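Q: Chains as they are written, first to last, in my numbering: chain A, 65 to 735; chain B, 1187 to 1273.
Even for Gly, the Cβ is constructed at its ideal location relative to N, Cα and C.
Quantities reported herein were computed from a predicted structural model and do not represent experimental measurements.
Okay, handing you the structure first.
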């Protein structure tokens, strides 16, 4: 994968972007693409590219153009069906000078225009500059695996894979966007197009943005998740679960094969010890000749550790297995760097181990891995989906003393908890019971719990929020949403909030690319997604048995112990990591009265109260009693403070000028 | 034990321990769990506080939402329990 960036003038009034500026902006993305750098420049446009070479190592340099050099492209990603598309385009008369997927995009665009993006199976963030019509086309893959940020001001447009590249232009202002902070402290993530920075947009997944001289900008959505209306079976090519299981297996195997074989470098596999990554690794092993490499994180805390299952699978696959142990100290030590990569506040420390894991992969010289992301969203693996079912069941008879016992099946720790948890906590699950048909019923407990953290917002921030127009998440819902069943509705909300804004970004692309590792996701193959979305809901979640059809696919392939184990949410130690090591002075500093006041986001008294409460519990060795809310508040505030510190007070765009452009097409200088 | 005193003590504990701000008060009738003021671990903190502060123990069957989910409910339940054990 790669880093992309560019600057486009939409009037003649601006000078062309300077080579120094292009070098500065793309230099901030060298972690995404350390192998080669290139730029294209004319009087109106500057495109830059930082390359991680994976396909067509010798001639795949960018920026790249079409036959008559009128269309230019800078591209981050993989189009896995590029070989098939290339054959199709050759019939239309297109001639190719490289073997890369990048060149296929440019000819596909030439041939089919904006419609071309519907034909791609892959992951991408791409910019195409039509120098004849002075038109810029930006596009991002179906579910937003790869990031793309945009800023526009005074008829000038900046775009980049990461915000830090845009901030490398000193004329760009850097401010916190209160709306996104409000979203993070509700949904756990900003919802595109909002970002934590004012004036910087994230292009929504599955969307094309077009800028053209003298015209208004246009957004075109080419894809979003859809589900069948209740009882609509017309899009199904199977008549029972056995046939569906077999078809899912074929599709997943094909998706894995594309992701293992379509690379000119070896592709390894992450191994978490759970069902999804185990099955993906099994399929990778099946299609790959020769040595197969797997990589895992272990935790020093038994609570989070899954080593037993990782070893079980590595033995089954006979893979060459590498692992690294993550400690609480690592979490605290790396956290400030993590926030520079996530470029947004986060409520959990779970990205940190993934940062350490991509480093391990990079240390062994690997540039790409397959991983299991997406199965929990598209095949209903999360507890939240089961919780929604039990809550609806309880809502039918809210005074029942028996029905709440089902929560213990969902969350076995409840059965071990003192009785307070059973008797009183039931009120927690009853949130939202006043309207069972409300669109967000499934997410009310999570969102209200998280939103209670806004008590830490400063008066100034709260006042600001009252004056700002709040984007309504309802606006993002498709018209047919109400016709879907309850599981589909919960899945959709999960995909557009947590998945897009956190799982696939803060825990996904950002942690992988921090060490120049490309993630490849068989479950996010568009054929697999469409197939999963059309499945009857009870093939995904039957009773309280999650990912039912996937377990059927896995049967006989991976050890039963992995298929049948209780799903373990991926977590890492939270607040405790920061308060057991005296070396992390930055934590005290970020929570200091001085910085809280000076950054202005959080109320000093309230935040200090939280800090003291959590510190005392941890000092007393009582860290397991730090509540979920207090943990999230602690991590959320710490990460937001770090973000302000490193992105607003200082400019994070560390200049990496220690490289030379190897691809130079400069129409201004006539090169 | 006076009901209003109990209410004040509980309310102060909630302000200090969950809102982290003594100047903010939770309305007596608001559902503590339903609105996210406390979470399940918070319930443990609240129960432990009441047990140690009033030197009492709650039986399992007493630990239900009807007795603890708002300051009003705690006030009612606790004053009855305390007066009962005093008598």
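1) Under 8 Å, with one C-beta from each stretch per pair, do the region 409-416 of chain A and the region 303-315 of chain A reach the 3-pair mark?
2) Just to make sure I have the definition right: I need the residues of chain B whose C-beta is within less than 7 Å of the C-beta of residue 491 of chain A. Which are they?
3) With residue 285 of chain A as the anchor, note down where its beta strand (DSSP E) starts and where it stops.
4) Can you find the residues in the same chain that come closer than 7 Å, C-beta to C-beta, to residue 254 of chain A, ignoring five residues on each side of it along the sequence?
5) In terms of DSSP beta bridges, what is residue 136 of chain A paired with?
6) Mind the definition here: the region 189-196 of chain A touches the region 137-149 of chain A only if three or more C-beta pairs lie below 8 Å; say whether that holds.
7) Reducing DSSP to helix, strand and coil, say where residue 360 of chain A ends up.
8) Report yes if the C-beta distance between residue 422 of chain A and residue 575 of chain A is below 8 Å; otherwise report no.
9) Terminal residues of the continuous beta strand (DSSP E) containing residue 235 of chain A?
10) Which of the three DSSP states, helix, strand or coil, is assigned to residue 563 of chain A?
11) From the beta carbon of residue 495 of chain A, is the nearest beta carbon of chain B less than 8 Å away?
12) Take residue 657 of chain A and list the residues in its own chain whose beta-carbon comes closer than 6 Å to its own, dropping the five residues that flank it on each side.
13) Decide if the region 541-558 of chain A is in contact with the region 502-516 of chain A; the criterion is three or more beta carbon pairs, one per stretch, under 8 Å apart.
14) So, does the CB of residue 435 of chain A fall closer than 8 Å to a CB anywhere in chain B?
15) In angstroms with no decimal places, state the Cα-to-Cα distance between residue 98 of chain A and residue 720 of chain A.
16) Is there a C-beta anywhere in chain A that falls below 8 Å from the one on residue 1229 of chain B?
17) Do the region 327-343 of chain A and the region 425-433 of chain A meet, that is, are 3 or more Cβ pairs less than 8 Å apart?
18) With a CB to CB cut of under 6 Å and the five nearest residues on each side skipped, what residues in its chain are close to residue 224 of chain A?
19) Given this structure, state the Cα-to-Cα distance separating residue 687 of chain A from residue 675 of chain A, to the nearest angstrom.
20) Three-state secondary structure (DSSP) at residue 332 of chain A?
21) Applying a beta-carbon distance threshold of less than 8 Å, which residues of chain A neighbour residue 1213 of chain B?
22) For residue 1241 of chain B, would you say it is in contact with chain A, using Cβ-to-Cβ distances shorter than 8 Å as the test?
23) Determine the direct distance from the alpha carbon of residue 337 of chain A to that of residue 345 of chain A, and round the result to whole angstroms.
24) Do residue 511 of chain A and residue 251 of chain A count as a contact pair if the criterion is CB distance below 8 Å?
25) Could you tell me how far apart the beta carbons of residue 588 of chain A and residue 438 of chain A are, in whole angstroms, since I believe they sit closer than 8 Å?
26) Is residue 121 of chain A helix, strand or coil by DSSP?
27) Would you mind working out which of A/727, A/734 and A/716 sits nearest residue 226 of chain A, comparing C-alpha positions?
28) Roughly how many whole angstroms lie between the Cα atoms of residue 680 of chain A and residue 642 of chain A?
29) Quick one: using the 10 Å Cβ neighbour count with 16 as the cut-off for buried, is residue 109 of chain A buried or exposed?
30) Distance cutoff 8 Å, beta carbons only. Does residue 1206 of chain B sit that close to anything in chain A?
31) Should residue 1197 of chain B be flagged as near chain A, meaning a C-beta pair shorter than 8 Å?
32) According to the Cβ coordinates, are residue 448 of chain A and residue 700 of chain A closer than 8 Å?
33) On the DSSP bridge list, what partners appear for residue 271 of chain A?
34) Establish whether the CB of residue 250 of chain A and some CB of chain B are separated by less than 8 Å.
35) Closer than 9 Å, Cβ to any Cβ of chain B: which residues of the region 607-625 of chain A, in chain order?
36) Check distances from the C-beta atoms of the region 671-690 of chain A to those of chain B and list, in chain order, the residues that come in under 8 Å.
A: On the basis of the supplied data:
1) Between the region 409-416 of chain A and the region 303-315 of chain A there are fewer than three C-beta pairs closer than 8 Å, too few to call the two in contact.
2) Position 427 of the first chain, counted from the start, is the residue given in the question as residue 491 of chain A. Going along chain B in sequence order, the residues near residue 491 of chain A (Cβ under 7 Å) are 1217, 1219, 1220, 1251 and 1255.
3) Counted from its first residue, the first chain places residue 285 of chain A at position 221. Taken as a continuous stretch (DSSP letters only), the beta strand (DSSP E) holding residue 285 of chain A covers 282-285.
4) Residue 254 of chain A sits at position 190 when you count from the first residue of the first chain. Within the same chain, residue 254 of chain A has close Cβ partners 244, 247, 248, 260, 408 and 565.
5) For the purposes of this step, residue 136 of chain A is taken as residue 72 along the first chain, with counting starting at 1. Residue 136 of chain A pairs with A/129 and A/193.
6) With a cut-off of 8 Å, the region 137-149 of chain A and the region 189-196 of chain A count as touching, because enough Cβ pairs lie within range.
7) Working through the first chain from its first residue, we reach residue 360 of chain A at position 296. Strand.
8) What you label residue 422 of chain A is simply residue 358 of the first chain in a count that begins at 1. What you label residue 575 of chain A is simply residue 511 of the first chain in a count that begins at 1. Yes, the pair counts as a contact, with Cβ atoms nearer than the cut-off.
9) Taking the first chain and counting its residues from 1, one reaches residue 235 of chain A at position 171. No beta strand (DSSP E) holds residue 235 of chain A; DSSP gives it neither H nor E.
10) Here residue 563 of chain A corresponds to residue number 499 of the first chain, with the count starting at 1. It is helical.
11) The residue labelled residue 495 of chain A in the question sits at position 431 within the first chain. So yes, residue 495 of chain A belongs to the interface.
12) Reading the first chain from its first residue, position 593 is the one you call residue 657 of chain A. Only 668 meet the Cβ criterion.
13) yes
14) Counting from one through the first chain, the residue named residue 435 of chain A turns up at place 371. Chain B, which has no Cβ nearer than 8 Å to the Cβ of residue 435 of chain A, makes this no.
15) Indexing the first chain from 1 puts residue 98 of chain A at position 34. Indexing the first chain from 1 puts residue 720 of chain A at position 656. Taking the straight line joining both Cα atoms gives about 11 Å.
16) The sequence position of residue 1229 of chain B within the second chain is 43, counting from 1. True, the Cβ-Cβ gap to chain A drops below 8 Å.
17) yes
18) For the purposes of this step, residue 224 of chain A is identified with residue 160 of the first chain, where counting begins at 1. 69, 213 and 230, listed in sequence order.
19) As a first step, residue 687 of chain A must be located in the first chain, where it is residue number 623. As a first step, residue 675 of chain A must be located in the first chain, where it is residue number 611. Taking the straight line joining both Cα atoms gives about 13 Å.
20) Within the first chain, the letter at position 268 stands for residue 332 of chain A. Strand at residue 332 of chain A.
21) The residue you call residue 1213 of chain B lines up with position 27 of the second chain. Near residue 1213 of chain B there are no residues of chain A at all, since even the closest Cβ is about 14 Å away, more than 8 Å.
22) Within the second chain, residue 1241 of chain B is the residue found at index 55, counting from 1. Judged by the 8 Å Cβ criterion, residue 1241 of chain B is not in contact with chain A.
23) Your numbering for residue 345 of chain A matches position 281 in the first chain. Your numbering for residue 337 of chain A matches position 273 in the first chain. Spanning the two alpha carbons is a distance of roughly 10 Å.
24) Within the first chain, numbered from 1, the residue matching residue 251 of chain A stands at position 187. Within the first chain, numbered from 1, the residue matching residue 511 of chain A stands at position 447. Yes, Cβ-Cβ distance for residue 251 of chain A and residue 511 of chain A is below 8 Å.
25) Start at 1 with the first residue of the first chain, and residue 588 of chain A comes out as number 524. Start at 1 with the first residue of the first chain, and residue 438 of chain A comes out as number 374. The pair is a contact, with the Cβ atoms about 4 Å apart (cut-off 8 Å).
26) Mapped onto the first chain, residue 121 of chain A falls at position 57. In the structure shown, the three-state DSSP call for residue 121 of chain A is coil.
27) The residue given as residue 226 of chain A occupies position 162 in the first chain. For the options A/727, A/734 and A/716, the alpha carbon positioned closest to that of residue 226 of chain A is the one of A/716.
28) As a working mapping, residue 680 of chain A is identified with position 616 in the first chain. As a working mapping, residue 642 of chain A is identified with position 578 in the first chain. Cα to Cα, the separation comes out at about 13 Å.
29) Start at 1 with the first residue of the first chain, and residue 109 of chain A comes out as number 45. Its Cβ being crowded by 16 or more others within 10 Å, residue 109 of chain A is buried.
30) Position 20 of the second chain holds residue 1206 of chain B. Yes, because at least one Cβ of chain A sits closer than 8 Å to the Cβ of residue 1206 of chain B.
31) The count along the second chain starts at 1 and reaches residue 1197 of chain B at position 11. No, residue 1197 of chain B does not count as interfacial toward chain A.
32) Translated into positions along the first chain, residue 448 of chain A becomes position 384. Translated into positions along the first chain, residue 700 of chain A becomes position 636. Going by C-beta atoms, residue 448 of chain A is not nearer than 8 Å to residue 700 of chain A.
33) Along the first chain, read from residue 1 onward, the residue named residue 271 of chain A stands at position 207. DSSP, once it has assigned bridges, lists A/285 as partnering residue 271 of chain A.
34) On the first chain, residue 250 of chain A is found 186 positions in, with the first residue counted as 1. So, not an interface residue.
35) Within the region 607-625 of chain A, no residue qualifies.
36) 671, 672, 673, 674, 677, 689 and 690
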